[in-house]
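Data block below; observations after.
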Amino acid sequence: MSAGIIALAAIALLIGGAFAGLLIEGAHDFSGAWAAFDPYLLRVVRFTLWQAVLSTLLSVVPALFVARALSRHPRFLGRAFILQLFAVPLALPAIVAALGILALYGRAGYFAGVFSVIGGGDWPGIYGLSGILVAHVFFNLPLSVRLFLEALQTIPADQWRLASQLGMGARPAFRLIEWPTLRAALPGVAGLVFMLCITSFTIVLTLGGGPAATTLEVGIYQALRFDFDPARAVTLTLLQIALTFAVVLALTRLGANVVGDTNLPVAPRRYLSVNGTETLLNVVLIVLTLLFVAGPMVATVMAGLGADLGRLAGEVAVRQATLTSAVLAFLSALLSVTLSLALTMARRALALNRRTAPKTMLEHATDTGAGFVLVVPPIVVGAGWFLLLRHVGDVFAIAPVMVVTVNAVMAMPFALRAVRPAYDAASERHERLCAQLGIVGWSRLMLVDWPSLRRPLATAFAFAMALSLGDLGVIALFGSDSVQTLPYLLLARMGSYRTQDAAGLALLLGLVCLALIVAAHWLGREKNRDA
1 MSAGIIALAA
11 IALLIGGAFA
21 GLLIEGAHDF
31 SGAWAAFDPY
41 LLRVVRFTLW
51 QAVLSTLLSV
61 VPALFVARAL
71 SRHPRFLGRA
81 FILQLFAVPL
91 ALPAIVAALG
101 ILALYGRAGY
111 FAGVFSVIGG
121 GDWPGIYGLS
131 GILVAHVFFN
141 LPLSVRLFLE
151 ALQTIPADQW
161 RLASQLGMGA
171 RPAFRLIEWP
181 TLRAALPGVA
191 GLVFMLCITS
201 FTIVLTLGGG
211 PAATTLEVGI
221 YQALRFDFDP
231 ARAVTLTLLQ
241 IALTFAVVLA
251 LTRLGANVVG
261 DTNLPVAPRR
271 YLSVNGTETL
281 LNVVLIVLTL
291 LFVAGPMVAT
301 VMAGLGADLG
311 RLAGEVAVRQ
321 ATLTSAVLAF
331 LSALLSVTLS
341 LALTMARRAL
351 ALNRRTAPKT
361 MLEHATDTGA
371 GFVLVVPPIV
381 VGAGWFLLLR
391 HVGDVFAIAP
401 VMVVTVNAVM
411 AMPFALRAVR
421 PAYDAASERH
431 ERLCAQLGIV
441 GWSRLMLVDW
451 PSLRRPLATA
461 FAFAMALSLG
471 DLGVIALFGS
481 DSVQTLPYLL
491 LARMGSYRTQ
501 DAAGLALLLG
511 LVCLALIVAA
521 HWLGREKNRD
531 A
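Residue numbers (the numbering used here): 1 to 531.
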């Protein structure tokens, strides 16, 4: 119980400290914060909302048809591979995907010549709104497809069997069976994608291309690292919190899955026959989507292999950044898993003690406390602590602590999804016996619960480490020449136009994060098989 309270206190300290920094700075320079409400700020807010709306439409609407096409063809060679490939963008750091998109569609990209011929002039590249939209669709279209496909899997088999017996065609089946299910899932999926796009930082930072394509989060970063305008940073941060809070509140009311579960059955039963014309259209749609998703990944690999990897591996800066990334990601994942397990154990203990009484405030906090971090993006937490710590010392000296703690807390919603079901199931099996034998605390955890928790904890650890390894939000604020991670070094090489070096670093970072996510999924499958 005490461990859970400590975990809650740590989360509260992290979020509360950020808010304290914002409030202190706002009270110190209220007139400056109020003066930040100028036409530029309104333009930033408008662009933030506009790019999120367009990204959501371009991601969700095609996903409806792609998910339906995959649902109509539950068995074909390569279907399982396509679904696994659609999960890869979740594993790629945003800056790696941005490099792949630039390698494919940029001014010197593989398709630059084609676009120059089509446009009748030199291809200007994909920076600005177009680049942001392409990157957001790359990430969110596969996620939306998998979520819609998961919704279609919930249609009762009896409905398909009856439709087959009645000889129902494709259009009536879609209107009467598929569309009601998709329509019910649509608000939650669209809201989730909108939230991901409105809190996008790395994509806009690397592909925005200037003040005309700046969102609130990038504006916060620029106000602190380039302009050093704390008053404007406070105003932008408060607006960002208000927007994300409104979106998360709407998602909660819609019952959306705010962390995007990606586990899917890959071979459901099929009852309706599909005619040749629909089959052809579905094949074209699936292939086009596959090419769009696979293109940046292939471009990242090709561009990375074209770099001088041997020279990069020998650079002191690269080795130091790799070591720093590994250490910080390991500590972040360890802290995230520890806090998640503490909250899970406290929640279960409170539920058992409560029995039939209403939930207490503490139990509510252990149940939903980690989810609160979804309202406050990493760049917002970093900005609050940046403003708070600048009054007491060197903010860049505290960079490792901020990176570890913020990334650990931000990974907790994902870690809880892996740990909580396994611990609750183990507690259900062993609770009475442990009470009779008086096995409690550390002895119970190691002797009784540990065999059931090993794989879920390993899954959570691998996933949290991958998220931390590829994160750029906090290190972008606190990073310096003395504290650099791989994403930070990659961004610096991009900023100095050393594109070959950036491509090589992106390949290294992408492969490591992908390996961690594959390990997490493998451990998750083994856990389910053992259960």
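Quick reminder that beta carbons are idealized off the backbone N, C-alpha and C, glycines included.
Note that this is a predicted model, so its numbers are computed, not measured.
Please confirm whether glycine 382 and leucine 477 have their CB atoms less than 8 Å apart. yes
Option nearest leucine 14 by Cα separation, candidates Ile475, Ala415, Val409: Residue Val409 is the option with its Cα nearest to leucine 14.
Taking C-alpha atoms, which residue in Gly495, Ala415, Gly479, Gly438 lies nearest to phenylalanine 463? Ala415
Can you find the residues in the same chain that come closer than 8 Å, C-beta to C-beta, to arginine 269, ignoring five residues on each side of it along the sequence? Because the pLDDT of arginine 269 is 48, which lies under 50, any placement of that residue in the model is unreliable, and the number read from its coordinates should be weighed accordingly. In its chain, beyond the 5 residues on either side, Pro74, Ala157, Trp160 have a beta carbon closer than 8 Å to the beta carbon of arginine 269.
Report yes if the CB atom of isoleucine 203 is closer than 8 Å to the CB atom of alanine 91, and no otherwise. Against a cut-off of 8 Å, the Cβ pair of alanine 91 and isoleucine 203 comes out as no contact.
For asparagine 407, the nearest candidate out of Val380, Thr459, Ser332 (CA to CA): Selected option, being the one with the closest Cα: Ser332.
Taking the alpha-carbon positions, what's the phenylalanine 139 to threonine 324 distance? 27 Å
Between the segment 478 to 490 and the segment 504 to 522, can you find at least three pairs of beta-carbon atoms closer than 8 Å? yes
Take leucine 196 as the anchor and find which of Phe86, Ala231, His391, Leu49 has the nearest alpha-carbon. Leu49
Judging by CA-CA distance, which residue of Leu388, Leu186, Phe330 is the nearest neighbour of alanine 20? When each option's Cα is compared against that of alanine 20, the closest is Leu388.
When burial is assigned at 16 or more other CB atoms within 10 Å of the CB, is alanine 246 buried or exposed? Under the 10 Å beta carbon count, alanine 246 is surrounded by fewer than 16 other beta carbons and is classified as exposed.
Check whether the segment 93 to 109 touches the segment 293 to 303, taking contact to mean three or more Cβ pairs, one atom from each stretch, closer than 8 Å. yes
When the Cα atoms are used, what is the spatial distance from cysteine 533 to arginine 107? Outside the displayed span of the chain (1 to 531) sits residue 533, for which this structure offers no information.
Three or more C-beta pairs under 8 Å: does that hold for the segment 109 to 128 against the segment 166 to 186? Touching, no, given that fewer than three Cβ pairs across the two stretches are closer than 8 Å.
Round the Cβ separation of valine 293 and proline 89 to the nearest angstrom and send it over; I've been treating them as touching at under 8 Å. 7 Å
Go through its chain and collect everything with a Cβ distance to threonine 289's Cβ below 6 Å, but skip five positions before and after it. Once the five neighbours on either side are set aside, the close Cβ partners of threonine 289 are Val66.
Alpha carbon to alpha carbon, how far is glycine 276 from leucine 305? 41 Å
By Cβ distance below 8 Å, which residues in the same chain neighbour isoleucine 82 in space, the five residues on each side in sequence not counted? Leu70, Ile286, Leu290
Leaving aside the five residues before and after leucine 467 along the sequence, list all residues of the same chain whose C-beta is less than 6 Å from its C-beta, in chain order. Ala411
With DSSP collapsed to three states, give me the class of phenylalanine 245. Per DSSP, reduced to three states, the secondary structure at phenylalanine 245 is helical.
Serine 482 versus Thr499, Pro400, Arg43, Gln84, residue with shortest Cα-Cα distance: Pro400
Cβ distance (whole Å) where leucine 457 is taken to contact valine 403 below 8 Å: Incorrect: roughly 22 Å between the Cβ atoms, too far for contact.
Beta-carbon gap between leucine 216 and valine 327 smaller than 8 Å: Going by C-beta atoms, leucine 216 is not nearer than 8 Å to valine 327.
Length of the line joining the Cα atoms of threonine 181 and valine 189: 12 Å
Going by beta carbon distance, what residues of the same chain come within less than 7 Å of leucine 239, once the five residues before and after it are set aside? So the list reads Val45, Leu216, once near-sequence residues are dropped.
Three Cβ pairs or more, each shorter than 8 Å: is that satisfied between the segment 1 to 13 and the segment 338 to 346? yes
Given that a residue counts as buried once 16 or more other Cβ atoms are within 10 Å of its Cβ, and exposed if not, what is phenylalanine 30? Phenylalanine 30 counts as exposed, since fewer than 16 other C-beta atoms from the protein chains shown sit within 10 angstroms of its C-beta.
Please determine, among Arg444, Leu8, Phe47, the residue with the shortest C-alpha to C-alpha distance to glycine 208. Phe47
Rounded C-alpha distance that separates aspartate 501 from alanine 307: 6 Å
With a cut-off of 8 Å on the beta carbons, I'd call leucine 205 and valine 137 a contact; round off their distance for me. Not confirmed; about 18 Å, so no contact.
CB contact flag (threonine 459, isoleucine 475, <8 Å): Taking a C-beta distance under 8 Å as the contact criterion, threonine 459 and isoleucine 475 do not qualify as a contact pair.
From alanine 52 to leucine 141, what does the alpha carbon distance come to, in whole angstroms? 13 Å
Member of Thr405, Arg390, Arg348, Gly314 whose CA lies at the smallest distance from the CA of leucine 335: The shortest Cα separation from leucine 335 among Thr405, Arg390, Arg348, Gly314 belongs to Thr405.
Please report the residue range of the alpha helix (DSSP H) in which isoleucine 11 lies. 2 to 28
Under 8 Å, do proline 377 and threonine 244 count as touching if we go by C-beta distance? yes
Does the Cβ-Cβ distance between valine 193 and threonine 279 come in under 8 Å? Not in contact: valine 193 and threonine 279 (Cβ atoms no closer than 8 Å).
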